[in-house]
Every structure is written in structure tokens, then in C-alpha cells.
Amino acid sequence: MQLARLVETSAAVTATPSRLKKIDHLAALLSSAAPGEVELLIAFLSGGPRQGRIGIGGAAIRAAVPARSADTPSLTIAEVDAAFGEIAAIGLPKHRVERLRSLLERATAGEQRFLTRLLYGELRQGALEGVLMEAVARAARVSSDAVRRAAMLAGDLAPVARAALSEGLAGLGRYSVQLFQPVQPMLAESAATVEDAIASAGRAAVELKLDGARIQVHKDGGDVRVFTRNLRDVTTAVPEVVAVVRAMPARSLILDGEAIALKPGGAPHPFQMTMRRFGRRKDDDALRRELPLTALFFDCLYADGAPAIDEPLSRRLDLLHSAASPTRTVARLHAPSAADADAFLFQALAQGHEGVMVKSLDAPYAAGRRGASWLKVKQARTLDLVVLAVEWGSGRRHGWLSNIHLGARDPDHNAFVMLGKTFKGLTDEMLAWQTERFLQLEIGRDDYTVYLKPEVVVEIAFNDLQESPHYPGGLALRFARVKRYRADKTAAEADTFATVQKIYEEMTGREPPPARW
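Numbering of the sequence shown is given in this note's numbering, commencing with residue 155 and proceeding in unit increments.
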């Protein structure tokens, strides 16, 4: 398949906001691929080379871009993949640049843009994994649930896509829970309060939310291996986790949990301290003595030859407690009242933990997916932000200015950085006040939005910050809600975008994404 066909499809997917049309474009592309090309397409559409990092950084990419481009398409996706493999194997950086330049010289202008964005990690085209799964299912004429289940068990969509397109349901049937083949971890959505989470989850367990490193541990007799949440094998880095699981009585296990560095009194070290143990490529006995890890487990996916992911959580917890002692499992309450759950959250925060998890006792393990079966409740943070614009309300709020646009101060550029919108937390009195006040600050409008002179400061509570391709700062608030308007503060006293970036780093242990301005 020519690279031009992939580039054309990528552009079409990016251009349409319709999920169904995205799926149509992707399914048509996958349907026309040869079996050996499917995995390459999945990798490229997911936003990176099949080989992962190939030793080419931003400066090297810029240096490799030639002054001219090809007039007509000639590259195939197989040739591009082979070139990436060669680049990854080259030792000298200047030779990697030369090999990349020779590839780009054969590409058209549009293909050059696609390939450089791919290597920069900026190929955000709306082809998220869920959309790709739906496209694979449509192209293979199988159910999306079958594709999703196979992908979660394989830990990788690419081989599943090839099996589905080549063999249909029969190919997908080969994927099952297997020891030492890590399963994509089940993920949690956020909830603003414990009460909201319990109302959503129904009959639920409430457990500590640890700010550690997610681990999945596989055991078969004396053989134990440990994987991270992105399915990387880190067995050699965590010998104390291996020893704990090896001593468990069950012959075979797959356990889901956290490895966390704890202070002598039991309080957690900051997340970055725990992650020091996973950043070393060689054994470091001194670091292990200085920063021992504690393994705490909260789920059992496999026990003594029997997969358990389709069992309800209540059954999986029975298996977990049969395998691991209470000192090796996460503290939890079983079906507590809202009051008891609130008290448990207060205690968790007092101990230095992130918050709590609320999990449906009746739900199976939905590997690789987020949903209402697992909900996280963390301590809300607050920021003082500036109102940049406001949207007219609908329904009961018709005639009022309701949904406010929130910005952090950027003194370096004498501007404000958009972080999201919210209409939550606004009382009728607030709506009436802000409608009158914001119309006095109007500097322009369109059909739905009134743009404001940036003067009003509002205190916003939020649960998380997430990366966002929609805003130039690359970050967006999650579960933002209005606490109060700050008449005592001017816009010059609002929180800065640098503060927001620092909070993101503290919350995630990662550097914030680069701003795009």
C-alpha cells in the first residue's frame, strides 16, 4: 500500500468530527490492506512507528527535512517501516539523520508533514484506540466486543487486527488469559464525590487509592514476572515484589495492584520517589535499601489455572484474599454507607493517600477500558482563574449566561491560557449576577458565546488535569466546578499557567506536554 493512501485517510479522519465517518474512513483503509500491512497501519494510525522510539529527537528531525519534496507519491508503508527499523539500529546520530533525510527526500510535501508529525508524536488525528477498534471490527465483519476483548487480552491491538482481518472470529478466538502475557489494566473514571460514585456504582467496595506504580504480577510455580501498566516487564527492578508473590500458596496467579514506597510510619512517599525504582536499567542494591517497595494488591485475574476476569469483583476479591494475606491487600470497606465511605476518604487523605476507589462488586474486569464500574475520588484542588468568555445557557438556563471559559495567566506572553469550561456549581443567584456583570465586560460575540474583557477572577475546584489536544497549553481541567467569585482579586493576581503545569507534574510525575503557541 502506498503511503499516500494512509496520508489521505489520516487527513480525512482529522477533518471530520463524526465518529461514524472516522470509522468509515479507517475501515475502508484497513479493508484494502494486505495481511502484512495491517499491523503497520495500526501503529501509524495510533500515532507512532511500530518500533516505538527510534533514536530521532526534535532537532534531528528538523535537520533531516530536505529543502525539496517529491512531485509524485512513490513510498509504500512497508518501505517507511523498514526505514524506521534501519534508523533505530544505526549507532551514530548523524547517520540516523542521513537515513531519515534519504527517506523524506522520496516523500511528497504532504507525506513529509505526515512523517515528521508521526516522529514528533504530534499525529493527533482523532483515531483513538476505541475508534480504531470499531474500524477493525467493521472491516473484519465481526463484533466490536470481540475485537475489544481480544485486544485487552493480547495487550496490543495490532496483532488482533491482523488476526481479525485474516481469519475473522476464529482468529480472535485464540486470544485468552495466559500466564506471562500481560493484560491491559482496567481503568477508572473520576467522580466528584464519594456519594456520586456510590450512586453510580451501586453495590460497591471502597478502597484506598494509592499513588504508586500500577503492577500486574504473573506467577507459575517459582517463576514470577512483574509488568507495569503499559505492559513493560520490570521484574529485575522489583525483587521484593517477586519474593512476596513467589511465597504465596497458589501455584498460578495473575494479580493486579500497586508497588509503592512507604515511609517508616506507613505514609506514602511522593509518586516520583516510587518511580525512581523503575527508572534504573541496572540493579542498584543501595537504592533498594534506601527506598524499599511494598506490594499491595486489589484484584485477582487468574488463580490456579482458571481465568477470573469475567467473574464479578466480589468473586475476584474472594480469590485475592485466598491468595494474599491482609498485609498484602489494599484496605477496603465492603458495601459501606455513604457516611462510612466519606469517613474512609477522610482517613485516606489524612494518611497521605490520593483518595479512594469505588468499585462495583457485581462488575467483571473490563481490561483496557474506563467506565462507571471503577470510579476514583480524589481530593479536589483549587485555582483562581480568569473568565475569558461565557456561553448562553439552554433549557432551564435559557436567557442566562452559563458555561464559563477558564484561563490561567501567562505573564511571559501577556495573555491567558484556556484550560476548559464549566457550568457546574453555579446557583441561580450566581447565574443572574454573572449575566448582568459579563454583559458589561463584553468585547465581542458569536451565535453562542460572549467574549469578555479578562477581569473577573473565579475560584475553581477540580479533580484532575489531563493532556488535551484542543487547547494551546496542552492541558485541561477535569471535573471543574465553581466555588466562588473572587471580588477581592484582580486578573493580575490570578494563578499562572506555570502553576498549572507544576500541579500537573506533581499529580502525574510527568513533565507537562509542550505548549503550542
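Each residue gets a CB set at the ideal place from its N, CA and C atoms; glycine is no exception.
> In the structure shown, what three-state DSSP assignment does S572 receive?
Replying inline: Note on identity: in this sequence residue 572 is Met, with Ser being the wrong assignment. M572 falls in the strand class under three-state DSSP.
> Among V234, L257, P247 and I241, which one has its Cα closest to the Cα of R222?
Replying inline: The option with the nearest alpha carbon to R222 is L257.
> Among A421, L362 and A462, which has the Cα closest to the Cα of Q505?
Replying inline: Nearest of A421, L362 and A462 to Q505, Cα basis: A421.
> Would DSSP call D601 helix, strand or coil?
Replying inline: Here D601 sits in coil by DSSP.
> Three or more C-beta pairs closer than 8 Å, one from the region 390 to 406 and one from the region 565 to 576: is that the case here?
Replying inline: Judged by Cβ distances under 8 Å, the region 390 to 406 makes no contact with the region 565 to 576, as fewer than three pairs qualify.
> For A562 versus L537, is the C-beta spacing smaller than 9 Å?
Replying inline: The Cβ atoms of A562 and L537 lie closer than 9 Å to each other.
> How about A232 and G190: are their beta carbons less than 9 Å apart?
Replying inline: Result yes, Cβ atoms of A232 and G190 sit closer than 9 Å.
> What do you get for D600, buried or exposed, if any count of 16 or more other CB atoms within 10 angstroms of its CB means buried?
Replying inline: It is exposed - the Cβ of D600 has fewer than 16 other Cβ atoms within 10 Å.
>> In this structure, how does DSSP classify E659 when only helix, strand and coil are distinguished?
In response: Here DSSP, grouped into helix, strand and coil, assigns E659 to helix.
> Between the region 230 to 247 and the region 284 to 295, do at least 3 Cβ pairs fall closer than 8 Å?
Replying inline: With a cut-off of 8 Å on Cβ pairs, the region 230 to 247 is not in contact with the region 284 to 295, counting fewer than three such pairs.
> Roughly how many whole angstroms lie between the Cα atoms of A648 and P171?
Replying inline: Cα to Cα, the separation comes out at about 34 Å.
> What do you reckon, are the CB atoms on W554 and L585 nearer than 9 Å?
Replying inline: Judged by beta-carbon spacing, L585 lies within the 9 Å limit of W554, meaning their Cβ atoms are closer than that value.
>> I need the boundaries of the alpha helix (DSSP H) containing A293, first residue and last residue.
In response: First-last of the alpha helix (DSSP H) with A293: E283 to A294.
> DSSP state of H552, grouped into three classes?
Replying inline: If DSSP states are grouped into helix, strand and coil, H552 belongs with the strands.
>> What does the alpha-carbon distance come out to for the pair T226 and Q588?
In response: Near 57 Å, if we compare the C-alpha coordinates of Q588 and T226.
> Excluding sequence positions up to five away, which residues of its chain have a Cβ less than 6 Å from the Cβ of T270?
Replying inline: Same-chain partners within the cutoff: I215.
> Can you list, in chain order, the stretches of the alpha helix (DSSP H) that have 4 or more residues and sit fully within the region 436 to 503?
Replying inline: Secondary structure remark: continuous alpha helix (DSSP H) runs of at least 4 residues inside the region 436 to 503, in chain order: 439 to 444 and 467 to 477.
> Which word fits E590, buried or exposed, when buried means at least 16 other C-beta atoms lie within 10 angstroms of its C-beta?
Replying inline: With fewer than 16 other Cβ atoms within 10 Å, it is exposed.
>> Can you list, in chain order, the residues of its chain with a C-beta nearer than 7 Å to that of R207? Leave out the 5 residues immediately preceding and following it.
In response: Correct list: empty, nothing qualifies.
> Can the beta-carbon of A615 be found closer than 9 Å to that of R640?
Replying inline: For the 9 Å CB-CB criterion, A615 and R640 do not form a contact.
>> Starting from M427, trace the alpha helix (DSSP H) in both directions and tell me its first and last residue.
In response: Start and end: F425 to R430.
> Going straight from the alpha carbon of E545 to that of E609, what length do you get?
Replying inline: Their Cα atoms are separated by approximately 17 Å.
>> Need the endpoints of the alpha helix (DSSP H) that S298 sits in, please.
In response: Boundaries of the alpha helix (DSSP H) harbouring S298: S298 to A308, taken from the DSSP string.
> Residues in its own chain within less than 6 Å of K575 by CB, not counting five upstream and five downstream?
Replying inline: Once the five neighbours on either side are set aside, the close Cβ partners of K575 are N557 and H559.
> Going straight from the alpha carbon of M340 to that of R368, what length do you get?
Replying inline: Counting only the Cα atoms, R368 lies some 11 Å from M340.
>> Whether or not the region 405 to 417 and the region 370 to 383 are in contact is what I'm after, with contact meaning three or more pairs of Cβ atoms, one per stretch, closer than 8 Å; do they touch?
In response: Three or more Cβ pairs closer than 8 Å define a contact, and the region 370 to 383 meets that threshold against the region 405 to 417.
>> Using only the alpha-carbon positions, how far apart do V167 and A304 sit?
In response: Rounded to the nearest angstrom, the two C-alpha atoms are 25 Å apart.
>> Within 10 Å of its beta-carbon, does Q533 have 16 or more other beta-carbons around it, so buried, or fewer, so exposed?
In response: By the C-beta density criterion, Q533 is exposed, having fewer than 16 other C-beta atoms within 10 angstroms.
> Can the beta-carbon of A293 be found closer than 9 Å to that of L184?
Replying inline: Yes, the pair counts as a contact, with Cβ atoms nearer than the cut-off.
>> Just to confirm my understanding: we take A188, look at its own chain, exclude 5 residues before and 5 after, and list those with CB closer than 8 Å. What are they?
In response: Cβ neighbours of A188 beyond the five flanking positions: M155.
>> Just to confirm, is the Cβ distance from L362 to V510 under 9 Å?
In response: The answer is yes: Cβ separation under 9 Å.
> Are three or more beta carbon pairs between the region 483 to 492 and the region 450 to 462 nearer than 8 Å?
Replying inline: In this structure the region 483 to 492 touches the region 450 to 462; the number of beta carbon pairs closer than 8 Å is three or more.
> Cα separation between L138 and E613?
Replying inline: The structure shown does not extend to residue 138, since the chain is modelled only from 155 through 671, so no value can be given for it.
> Where does S479 land, buried or exposed, given buried means 16+ other C-beta within 10 angstroms?
Replying inline: Counting Cβ neighbours within 10 Å, S479 comes out exposed, since fewer than 16 surround it.
> What is the C-beta distance between V654 and L573, in whole angstroms, given that I count them as a contact (C-beta under 8 Å)?
Replying inline: The pair is a contact, with the Cβ atoms about 7 Å apart (cut-off 8 Å).
> By the 10 Å Cβ neighbour count, where 16 or more other Cβ atoms means buried, how is A181 classified, buried or exposed?
Replying inline: Buried.
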